[in-house]
Amino acid sequence: MRVLKRATALAATAAVLAATGAQAPAFAATALINGDFERVTATGQPEGWGPWKPAGNGVISLAEGPDGSRALQLLNDSTDDRTAVGQRIDNPDPSRVRYFRVSVDVKAENISGYAAAVRVQYVNGGVPLTLAARTSGTHDWRQVTEYVAAPAGTTQLSIEPMLDSAKGRYLIDNLEIAAVDAAGVVTASAQPTGEVELSWNFAGLTPHRYEIHRGSAADFVPGPATLLRTLTGFTQAEDATAQPSASYFYKVVALDPAGAQLGVTVPGAVTLPATFADDQRTTVLSATGLGHDVRVAWRLAAGTTGPVTLWGDQQDLSDSDLRKARALGVFATTADGVTLAPNQRKGSKHYALTDAAGTVLATASPAGLAHPRSEATKDRLKDARKAIKDGTPKLLWEALLARVAAGPTGTGYAAWCQHGAEAAFAYQVTGDVAYAARASRRSPSPSGNCRT
Ligand SMILES: [Ca+2]
Ligand SMILES: [Ca+2]
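Just so we're on the same page, my numbering is the position in the sequence shown counted from 1, plus 720.
(1) Please tell me whether, using a cut-off of 7 Å, the distance from the CB of residue 797 to the nearest non-hydrogen atom of ligand 2 is below it.
(2) Note the first and the last residue of the continuous alpha helix (DSSP H) segment covering residue 1062.
(3) Count the other C-beta atoms from every protein chain shown that fall within 10 angstroms of the C-beta of residue 750, then say buried if there are 16 or more, exposed otherwise.
(4) Does the distance between the C-beta of residue 1023 and the nearest non-hydrogen atom of ligand 1 fall short of 7 Å?
(5) Tell me residue 921's beta-bridge partners as DSSP assigns them.
(6) Beta-carbon within less than 6 Å of residue 900's beta-carbon, same chain only, minus the 5 sequence neighbours each way: which residues are those?
(7) Let me confirm a value: residue 1155 is counted as buried when at least 16 other C-beta atoms fall within 10 Å, else exposed. Which label applies?
(8) What would DSSP say about residue 1155, mapped onto helix, strand or coil?
(9) Rounded to whole angstroms, what's the CA-CA distance from residue 937 to residue 968? Just pull it up for me.
(10) Answer with buried or exposed for residue 774, where buried requires no fewer than 16 other C-beta atoms within 10 angstroms of its C-beta.
(11) Could you check how far apart the C-beta atoms of residue 792 and residue 805 are, in whole angstroms? I think they sit under 8 Å.
(12) What is the DSSP secondary structure of residue 1145, reduced to helix, strand or coil?
(13) Going along the chain, which residues of its own chain have a beta-carbon closer than 6 Å to the beta-carbon of residue 1069, five neighbours each way excluded?
(14) Below 6 Å CB to CB, which residues in the same chain sit around residue 1002 once its five sequence neighbours on both sides are set aside?
(15) How many Å lie between residue 959 and residue 789 at the Cα?
(16) Residue 791: beta carbon under 7 Å from a heavy atom of ligand 1?
(17) In whole angstroms, what is the alpha-carbon distance linking residue 919 and residue 952?
(18) Please report the distance separating the alpha-carbon of residue 1084 from that of residue 950.
(19) Give every residue of the same chain whose Cβ lies closer than 7 Å to the Cβ of residue 847, excluding the five residues on either side of it in the sequence, and list them in chain order.
(20) Residue 808 to residue 880, Cα distance in whole Å?
(21) Going by the beta-carbon positions, is the gap between residue 1061 and residue 1073 smaller than 8 Å?
(22) Taking 7 Å as the cut-off, is the beta-carbon of residue 1189 closer than that to any non-hydrogen atom of ligand 2?
(23) Give every residue of the same chain whose Cβ lies closer than 7 Å to the Cβ of residue 850, excluding the five residues on either side of it in the sequence, and list them in chain order.
(24) From which residue to which residue does the beta strand (DSSP E) around residue 809 run?
(25) In this structure, how does DSSP classify residue 1042 when only helix, strand and coil are distinguished?
(26) What three-state label does DSSP hand residue 946 in the structure shown?
(27) Under a three-way DSSP split, which group does residue 868 fall into?
(28) Buried or exposed: which applies to residue 892, given that a residue is buried once 16 or more other Cβ atoms fall within 10 Å of its Cβ?
(29) If you draw a straight line from the C-alpha of residue 1078 to the C-alpha of residue 1041, how long is it?
(30) Using CA atoms only, rank isn't needed, just tell me which of 813, 857, 1052 is closest to residue 845.
(31) If you draw a straight line from the C-alpha of residue 898 to the C-alpha of residue 1051, how long is it?
(32) Residue 767 lies in the beta strand (DSSP E); which residues open and close that run?
(33) Could you compute how far the alpha carbon of residue 1039 sits from the alpha carbon of residue 941?
(34) Return yes when at least one heavy atom of ligand 4 lies under 7 Å from the C-beta of residue 776, else no.
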């Protein structure tokens, strides 16, 4: 689900129409009658919307909308209640797959159960329904824009705000649905950690590969300068190069095997958070031999206070005893490593990183191994096993094992990368090959696999 600020969504829509030079489709937002729920019948029901209560004692009424106007309110007092209103609109072109943009303001109060959503059914389309703008729990008014694909053969769309086998209070206002004159749609979703997850859909086409483009305006024309990457056989990807506070528009171009363009999506708009959340839980330090040099790299735990100091010693530092160690450099928390020539190492074979207070954050010894996941040394693993026996590390360890058991939290790069790294660590600490098998699993999306 993508939540957009209304202004962004409207600007994107206007820009698309302006860019294509197209008139708004004959079938446009106005086709839905009383989507703002301002018109009320004598009995206090929303005009133009047919009530439908297949089960239970739910209540259909009107309440206050986000702008002080009227809004539709569905109220169920138990999860065996099914309460909806609906109306049908004509599909202007049943001969092919058509995309429709659903935009709506929604508010939820204590909703639990199966679904609070705008149910869309494709009359004569021969496929299951779509639950658009689905929500639950409690939240204030939010604007949601989503796309649904009506299969070829769909003669009408049945639009049904519904509190379906769910209890709570569900409010809907400014419901609009509009046919979109594009071959496909792309959804861009900004993650708190700064990645943009993309997924796209070209229903009715059989593209050979996809080009992912990023531009700064909704009407940008995809070209070499806007190309992020090309993917074959996958319909999702992640952009890990987004900047804080930036606004981007993504378009996906579908190509046939010869490179001919089959279609372009409507732009997917996204605005990144001003600051990216850092989900790094512990500081990781590694040392890797590069010929005569040693690359010492680190990733600091979220919230580490700098500057950080890198220490070197001929003796193993995994006991955090730095009395004989030599300071090799002081770094801002934005740094992530240093390559040390022999004269810069000053004879060091083992390394430690300390924070501004002098606390040892992590230690490492050169692994000389090809794979960055394999840098845990015997001593570090011994320390890890000791540390996880009790106290806070034990809780963290148990949480890590639980995450590994649960699997990746998504299909994107960040989710699979973290899953792989944690499973590999679990294997190294426990020696249980089941964890190794998990670590080597591949994401269904090529963008989900860690760079090696
Ligand atoms: Ca209203
Ligand atoms: Ca009930």
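Ideal Cβ placement from N, Cα and C applies to all residues, glycine included. Note that the coordinates shown come from a computational prediction; the quantities given were computed from them, not determined experimentally.
Looking at the atomic coordinates:
(1) Proximity of the beta carbon of residue 797 to ligand 2 is indicated: a heavy atom of the ligand is located closer than 7 Å.
(2) 1062-1065
(3) The predicted position of residue 750 is uncertain, since its pLDDT is 46 and thus under 50; a value taken from the coordinates is nonetheless stated next. By the 10 Å Cβ count, residue 750 comes out exposed.
(4) no
(5) In DSSP, residue 921 forms a bridge with 905.
(6) 819, 821, 986
(7) buried
(8) Reduced to three states, the DSSP call for residue 1155 is helix.
(9) 7 Å
(10) Exposed is the call here.
(11) 7 Å
(12) helix
(13) 1034
(14) 1021
(15) 39 Å
(16) yes
(17) For residue 919 and residue 952, the distance between alpha carbons rounds to 14 Å.
(18) 38 Å
(19) 871
(20) 9 Å
(21) Contact: no.
(22) Absent from the structure is residue 1189, since the part of the chain shown begins at 721 and ends at 1172.
(23) 840, 868
(24) Segment 802-810, the beta strand (DSSP E) holding residue 809.
(25) coil
(26) It is helical.
(27) strand
(28) buried
(29) 11 Å
(30) 813
(31) 54 Å
(32) Premise fails: residue 767 is in no beta strand (DSSP E) and is neither H nor E.
(33) 58 Å
(34) Looking for ligand 4 in the displayed structure turns up nothing; the ligands present are ligand 1 and ligand 2.
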